[in-house]
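Inspection log for the structure reproduced underneath, given as structure tokens.
Number of protein chains: 2
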Amino acid sequence: MSRIRAKNEEIIIKAASRVFAEHGYAATKTAAIAELAQLPKPNIYYYFGSKEKLYRAVLESVVEPLLAASAPFIEYQDPVEALTGYIKSKLSISKHYPYASKVFANEIMHGAPHLPADIIAQLAEQTRTLSSKLKDWIARDLMADIDAHHLLFAIWSATQTYADFNWQITQALGKEELEDTDFERAAELITRMVITGCAVKSLPNS
Amino acid sequence: MSRIRAKNEEIIIKAASRVFAEHGYAATKTAAIAELAQLPKPNIYYYFGSKEKLYRAVLESVVEPLLAASAPFIEYQDPVEALTGYIKSKLSISKHYPYASKVFANEIMHGAPHLPADIIAQLAEQTRTLSSKLKDWIARDLMADIDAHHLLFAIWSATQTYADFNWQITQALGKEELEDTDFERAAELITRMVITGCAVKSLPNS
DNA sequence: GTCTATACATCGATAGAC
DNA sequence: GTCTATCGATGTATAGAC
Numbered sequence: 001m002s003r004i005r006a007k008n009e010e011i012i013i014k015a016a017s018r019v020f021a022e023h024g025y026a027a028t029k030t031a032a033i034a035e036l037a038q039l040p041k042p043n044i045y046y047y048f049g050s051k052e053k054l055y056r057a058v059l060e061s062v063v064e065p066l067l068a069a070s071a072p073f074i075e076y077q078d079p080v081e082a083l084t085g086y087i088k089s090k091l092s093i094s095k096h097y098p099y100a101s102k103v104f105a106n107e108i109m110h111g112a113p114h115l116p117a118d119i120i121a122q123l124a125e126q127t128r129t130l131s132s133k134l135k136d137w138i139a140r141d142l143m144a145d146i147d148a149h150h151l152l153f154a155i156w157s158a159t160q161t162y163a164d165f166n167w168q169i170t171q172a173l174g175k176e177e178l179e180d181t182d183f184e185r186a187a188e189l190i191t192r193m194v195i196t197g198c199a200v201k202s203l204p205n206s
Numbered sequence: 001m002s003r004i005r006a007k008n009e010e011i012i013i014k015a016a017s018r019v020f021a022e023h024g025y026a027a028t029k030t031a032a033i034a035e036l037a038q039l040p041k042p043n044i045y046y047y048f049g050s051k052e053k054l055y056r057a058v059l060e061s062v063v064e065p066l067l068a069a070s071a072p073f074i075e076y077q078d079p080v081e082a083l084t085g086y087i088k089s090k091l092s093i094s095k096h097y098p099y100a101s102k103v104f105a106n107e108i109m110h111g112a113p114h115l116p117a118d119i120i121a122q123l124a125e126q127t128r129t130l131s132s133k134l135k136d137w138i139a140r141d142l143m144a145d146i147d148a149h150h151l152l153f154a155i156w157s158a159t160q161t162y163a164d165f166n167w168q169i170t171q172a173l174g175k176e177e178l179e180d181t182d183f184e185r186a187a188e189l190i191t192r193m194v195i196t197g198c199a200v201k202s203l204p205n206s
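Chains as they are written, first to last, in the UniProt record's numbering: chain B, 1 to 206; chain A, 1 to 206.
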């Protein structure tokens, strides 16, 4: 793959992420992507073949950061550290990859019609890992006997909402766009609800 | 307005809610709505004029239950009762109006391009009412000093996720569709996180 | 590898008969 | 008030010159 090809593909993916995020798959015109990328429309087709293939490429480009967000959950043994880090990491995704998050949210909302099966499998695998870790902590009396899956749903939604429903949130807060302090307050509140609400304890020997 | 007109409009709105929810505005074909409604396509146009106007009608039909969900918050004076009732009421919307919720979520996610200004104003007004009530409770030491807006965002997202991201949740739980017990567990967990997490107290004199 | 000009398909919308 | 048949706009995709 030539350098020029790599460069152009990156430019196109970046522009496409944004347009797909703002309008959804069906409503985005390839012409709008071309315009934002400052490239003629046929180039999009030269590099990606079709609108559908480009969309899939965008989805795939987004998977890595999404999966990487659970790193704290895996790395830290201590329940308080792990959950605090996970919430922070999830919020960080909403802050730094707002378009990616939205494209993904849209896809999931409509039943993942374009998501490749291997990505679905990876996400399912991750869900199993996270919920079994929670169940382990519960069994060891390191947190209250809550439903592991539903706790995950709550954490996912409460953190992703800052990307997905950005419009509603800025509207309610009466500001043009979210600032660092907003994300800090969100982290503080969500962490509190999880740690205090579910009575999560630190490891005794740490 | 004739009885036949009222009847047909209702049939069309119902079918349209579902199709718009499943595919989003741009991806839904008026032919698909006509088919689901078991009516010829021109009838859709006879009754609603355009796809856009029909979509607005769907949005408006959905506002009433959404606004009504905050009734417990207003009625109950006791913070624990009010918040518990609000969470239950919000989850009930996700359970009983899944299509409506999704259409709304989609609209909000893309910056509410079709939402009439008066509806936006009503929602903003409701947000102000809810957050000032929370702030009042905080001032009276009936709950921890948390950020009122962010608590609302957390409750909204954690309850709406059961409608909006239904696919992800059924996938994770390994079932075809959500059952009553799933909503009960969700209510239990979210209520716990809010009440215990934010140290919400009952009124002393109740 | 790049881009202008255009073919072709897909709907949203309506004319006009009943 | 209902519906068949069809128009026309929009937007995906490509042919073919450079």
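For each residue, glycine too, the CB sits at the ideal point set by N, CA and C. Values in this document were obtained by computation on a predicted structure and should not be read as measured data.
N- and C-terminal bounds of the alpha helix (DSSP H) containing residue i
i      : result
N8/B   : 3-23
R185/A : 180-195
T161/A : 148-164
Q77/B  : Q77/B -> no alpha helix (DSSP H), and no H or E assigned at all.
E52/B  : 51-68
M143/A : Taken as a continuous stretch (DSSP letters only), M143/A belongs to no alpha helix (DSSP H), as it is neither H nor E.
V103/A : 98-109
A34/A  : 30-37
P42/A  : 41-48
Nearest neighbour of residue i, chosen from the options [CA to CA]
i             : options                        : result
Q171/A        : T196/B, K175/B, G111/B         : G111/B
E90/A         : S2/A, M193/A, A187/A, V194/A   : Reading off the sequence, residue 90/A comes out as Lys, not Glu. Out of S2/A, M193/A, A187/A, V194/A, A187/A has the C-alpha closest to the C-alpha of K90/A.
F153/A        : T28/A, N205/A, V80/A, R128/A   : R128/A
D182/A        : N205/A, K88/A, K29/A           : K88/A
P204/A        : S92/A, P116/A, W137/A          : W137/A
T191/A        : H96/A, A163/A, G85/A           : G85/A
V63/A         : Y76/A, Y99/A, L83/A            : Y99/A
A21/A         : L130/A, R140/A, F104/A, D78/A  : F104/A
L54/B         : S70/B, R5/B, I33/B, A121/B     : I33/B
A117/A        : W156/A, E60/A, F48/A           : E60/A
K201/A        : D145/A, G24/A, R56/A           : D145/A
N8/A          : G197/A, L66/A, V80/A, F48/A    : F48/A
T161/A        : H150/B, I169/B, W167/B         : H150/B
I13/B         : A27/B, Q77/B, A139/B, Q38/B    : Q38/B
G24/B         : A199/B, E52/B, E35/B, Y45/B    : E52/B
F165/A        : T28/A, I119/A, N106/A, V194/A  : N106/A
Y45/B         : A16/B, A26/B, H114/B           : A16/B
Q77/A         : W156/A, W167/A, A158/A, R140/A : R140/A
E179/A        : E81/A, H96/A, T28/A            : H96/A
E184/B        : R18/B, G174/B, I120/B, T159/B  : T159/B
residue 252/A : T28/A, I4/A, L115/A, E81/A     : For chain A, the structure presents residues 1 to 206; residue 252/A sits outside this window and is missing.
V19/B         : S2/B, A6/B, V58/B, E81/B       : V58/B
W156/B        : V194/B, I120/B, H114/B, I119/B : V194/B
H114/B        : E75/B, R56/B, I11/B            : R56/B
Chain-ordered neighbours of residue i on chain A, where CB pairs are closer than 7 Å
i      : result
I108/B : F165, W167, Q168
Per-residue contacts from residue i into chain A (C-beta, under 8 Å)
i      : result
L173/B : H149
M143/B : Per Cβ cutoff of 8 Å: no residues; M143/B is ~12 Å from chain A at best.
R185/B : D147, H150
K102/B : M109
Neighbour list for residue i in chain B, Cβ cutoff strictly below 7 Å
i      : result
H23/A  : H110
G197/A : R192, M193, T196, G197
T127/A : A172
Residues near residue i by beta carbon distance below 8 Å, same chain, minus five either side
i      : result
A31/B  : K41
M143/A : P79, L134, W137, C198, A199, V200, K201
I119/B : L59, E60, V63
Same chain only: Cβ atoms within 7 Å of residue i, ignoring 5 sequence neighbours per side
i      : result
K133/B : F73
E177/A : T170
E131/B : The sequence given here places Ser at residue 131/B; Glu does not occur at that position. Here the set comprises A148, H149, L152.
K29/A  : none
Integer-rounded CB distance, given that residue j should sit under 8 Å from residue i
i      : j      : result
S101/B : I108/B : Not really, about 11 Å apart at Cβ, beyond 8 Å.
Q122/A : L83/A  : Q122/A to L83/A, Cβ: 22 Å. No contact.
L189/A : D147/B : 6 Å
A27/B  : A26/A  : 4 Å
Within chain B, partners of residue i - CB distance below 8 Å
i      : result
T84/A  : Near T84/A there are no residues of chain B at all, since even the closest Cβ is about 14 Å away, more than 8 Å.
A124/A : Q171, A172
Chain-ordered neighbours of residue i on chain A, where CB pairs are closer than 9 Å
i      : result
A26/B  : H23, G24, Y25, A26, A27, T28
T161/B : F153, A154, W156, S157, A158, Q160, T161
L189/B : I146, D147, H150, L151, F153, A154, G197, C198
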